[in-house]
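Peer 1: In my numbering, the protein residues as written are 132 to 652.
Ideal placement from N, C-alpha and C gives every residue a C-beta, glycine not left out.
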Ligand code: SF4
Ligand code: SF4
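1) Give the DSSP bridge partners of residue 188, in chain order.
2) Give me whichever residues DSSP pairs with residue 343 in a beta bridge.
3) Within this structure, are the beta carbons of residue 416 and residue 496 separated by less than 8 Å?
4) Who are the near neighbours of residue 276 in its chain, counting only those whose CB is closer than 6 Å to its CB and skipping five residues on each side?
5) Taking all protein chains shown into account, decide if residue 161 is buried (16 or more other Cβ within 10 angstroms of its Cβ) or exposed.
6) Leaving out five residues before and five after residue 311 in sequence, what residues of the same chain have Cβ atoms less than 6 Å from its Cβ?
7) Can you tell me which of the three DSSP states residue 108 falls into?
8) Quick check: the Cα distance between residue 579 and residue 589, rounded to an integer number of angstroms?
9) Going by DSSP in three states, residue 216 sits in which element: helix, strand or coil?
10) Can you find a heavy atom of ligand 1 that lies under 7 Å from the Cβ of residue 526?
11) What residue range is occupied by the uninterrupted beta strand (DSSP E) comprising residue 308?
12) Flag this pair as yes or no: are the beta carbons of residue 500 and residue 460 separated by less than 8 Å?
13) Under 7 Å from any heavy atom of ligand 1, does the C-beta of residue 515 make it?
14) When you measure from the CB of residue 563 to every non-hydrogen atom of ligand 1, does any distance come out below 7 Å?
15) Applying the criterion that 16 or more other CB atoms from any shown protein chain within 10 Å of the CB defines a buried residue, is residue 624 buried or exposed?
16) Compute the Euclidean distance between the alpha carbons of residue 296 and residue 337, then round it to the nearest angstrom.
17) Alpha carbons only, please: which of 274, 617, 394 and 348 is nearest the one belonging to residue 419?
18) Ligand 2 and residue 574: does any heavy atom of the ligand fall closer than 7 Å to the residue's C-beta?
19) Please confirm if the region 218–227 is in contact with the region 146–155, defined as three or more CB-CB distances below 8 Å between the two stretches.
20) Indicate the three-state DSSP secondary structure (helix, strand or coil) for residue 244 in the structure shown.
21) Do residue 214 and residue 478 have their C-beta atoms closer together than 8 Å?
22) Exposed or buried, residue 635, counting other C-beta atoms within 10 Å across all chains shown (16 or more means buried)?
23) Can you check which of these residues, 445, 365 and 309, is closest to residue 390 by C-alpha distance?
24) What would DSSP say about residue 336, mapped onto helix, strand or coil?
25) Expressed to the nearest angstrom, what Euclidean distance is found between the alpha-carbon atoms of residue 567 and residue 510?
26) Using a Cβ-based criterion (distance less than 7 Å to any ligand heavy atom), does residue 521 qualify as near ligand 1?
27) Around the Cβ of residue 211, are there at least 16 other Cβ atoms within 10 angstroms (buried) or fewer (exposed)?
28) Relative to the C-alpha of residue 571, which residue among 559, 565 and 205 is closest?
29) Quick test of the definition: if touching needs 3 or more C-beta pairs under 8 Å, does the region 514–528 touch the region 474–489?
30) Taking contact to mean at least 3 C-beta pairs separated by less than 8 Å, is the region 159–174 in contact with the region 403–411?
31) With a threshold of 8 Å, are at least 3 pairs of Cβ atoms found where one atom belongs to the region 516–529 and the other to the region 351–371?
32) Alpha carbon to alpha carbon, how far is residue 270 from residue 261? Give it in angstroms, no decimals.
33) Do you know how far the Cα of residue 334 is from the Cα of residue 410?
34) In chain order, what residues of the same chain lie with their CB nearer than 8 Å to the CB of residue 279, ignoring the 5 residues before and after it?
35) Relative to the alpha-carbon of residue 456, which residue among 142, 378 and 226 has its alpha-carbon at the smallest distance?
36) Which residues mark the beginning and the end of the beta strand (DSSP E) in which residue 139 is found?
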């Protein structure tokens with residue numbers, strides 16, 4: 132397979148926005164590891180719906196890195212305690228997901244000792260030792276380490292590689308370091324502080340996928356990361372990984388848009404990057420893999436950006452999963468009185484949180500605290516004026532106003548027909564809408580309704596199939612019984628006839644015998 136990416140020949144996607152960035156606010160203050168909070172609220176929900184099953188009970192002592200919940204199907208992932216302490220509760224609470232969905236949460240009261248489970252001896256893993264790892268061993272590590280896509284979607288990482296190995300040949304691994312949201316810098320920070328780990332993690336993932344090459348995709352506005360990564364790759368004589376700068380146009384970091392920019396190829400509707408021989412992985416996930424393979428540390432912490440105009444000291448923090456939002460805001464010196472909205476994620480794709488007691492999850496890349504003035508929708512929502520601005524910026528080439536029209540009118544199936552599921556919820560349409568219509572809220576609502584209807588339909592189809600199979604089985608048994616009865620009847624008839632024939636023969640023999648006896652006399 133030819134190289135899919137020509138660094139000097141990039142492409143563009145339709146639509147998109149040039150946004151004002153606020154990245155220096157957090158980057159200037161560097162990366163800090165925070166003290167362990169008193170309480171951790173660890174959600175067992177991942178990937179918008181899959182819920183792991185708890186294997187600890189209230190009152191249990193747990194150690195950092197201990198498995199506290201297990202997946203009950205192949206699409207789930209392990210959840211580990213992110214610090215040591217006591218399980219104080221396992222209950223249904225709001226989580227750091229869209230609409231702050233209620234899900235099972237394990238509340239750990241920490242003992243502040245942050246004591247790890249017994250870990251195997253740490254290995255120093257340099258790039259030359261990677262040959263000792265098989266693809267299966269790396270995929271197992273991805274699963275056991277509880278890895279999910281840390282860029283926001285939370286897709287269980289092992290699924291990409293299991294599919295890749297068994298069904299489709301993979302040519303290229305794209306390492307997504309192109310954060311396109313205006314405030315988020317956690318990936319940029321990771322690339323600045325952990326370039327060595329990212330190179331090791333990338334080599335491991337290339338091996339897991341069987342990829343021929345890999346490319347770090349970073350925004351063209353970032354500083355010295357490109358030269359730093361390139362010199363580290365050169366030192367190690369690695370020629371199959373390159374670094375490419377992509378234009379800072381929102382949402383260039385979206386999976387489909389990034390593939391389009393780098394390769395010119397379009398991921399088919401309802402298709403996956405795997406269909407093009409490509410896997411896209413966020414830099415945070417790659418660092419997490421390196422941590423697990425090198426230090427046997429599962430995914431129990433992440434880098435998160437805390438920023439916004441209500442924050443006095445915007446910064447990136449390394450924090451345990453489950454850290455309450457409020458604790459993070461306090462560390463960044465948030466002006467709570469002037470905070471109008473708290474958002475998980477960026478201003479474009481993020482979702483508002485109803486309170487700050489919610490714990491962050493594996494996919495939480497940013498917490499924004501915004502004043503009313505800086506909140507996107509702060510005016511009255513007006514009717515659509517059909518200006519077409521939303522169409523101009525939609526990177527998925529959809530008709531956002533049309534989708535809104537169908538959904539508002541309750542015609543969800545029409546919205547599906549108009550490719551609602553191609554919407555990446557980037558928020559560009561809502562950003563430019565002069566009528567301040569919360570378009571993405573409509574799309575999220577319609578998608579979840581349609582998924583629920585599909586689920587119900589599948590269940591009812593399954594019930595119908597089961598009913599038809601039962602009817603067919605009953606009919607088959609009935610026919611078998613009739614056939615058996617016919618057979619028995621014909622066997623009886625045959626038997627009667629045989630007996631009659633036999634009797635006739637015997638009669639004839641007896642008659643013959645009598646005749647002979649008479650003649651003898
Ligand atoms: S931008 Fe808003 S007002 Fe304009 S067409 Fe789209 S939905 Fe309607
Ligand atoms: S949110 Fe969906 S419809 Fe709106 S611009 Fe983004 S992809 Fe297009």
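Peer 2: Based on what the coordinates show:
1) Answer is none; residue 188 lacks a bridge partner.
2) Answer is none; residue 343 lacks a bridge partner.
3) no
4) 423, 429 and 430
5) exposed
6) 381, 382, 383 and 384
7) This structure cannot speak to residue 108, because the chain is shown only from 132 to 652.
8) 15 Å
9) strand
10) no
11) 303–308
12) yes
13) yes
14) yes
15) exposed
16) Confidence at residue 296 is low in this model, with a pLDDT of 48, below 50, so the placement of that residue should be treated as unreliable; the coordinate-derived value is given next. Going by the C-alpha atoms only, they are around 11 Å apart.
17) 274
18) yes
19) no
20) coil
21) no
22) exposed
23) 309
24) helix
25) 7 Å
26) yes
27) buried
28) 559
29) no
30) no
31) no
32) 14 Å
33) 13 Å
34) 177, 178, 208, 285, 286, 287, 288, 416, 430, 493 and 494
35) 226
36) No beta strand (DSSP E) holds residue 139; DSSP gives it neither H nor E.
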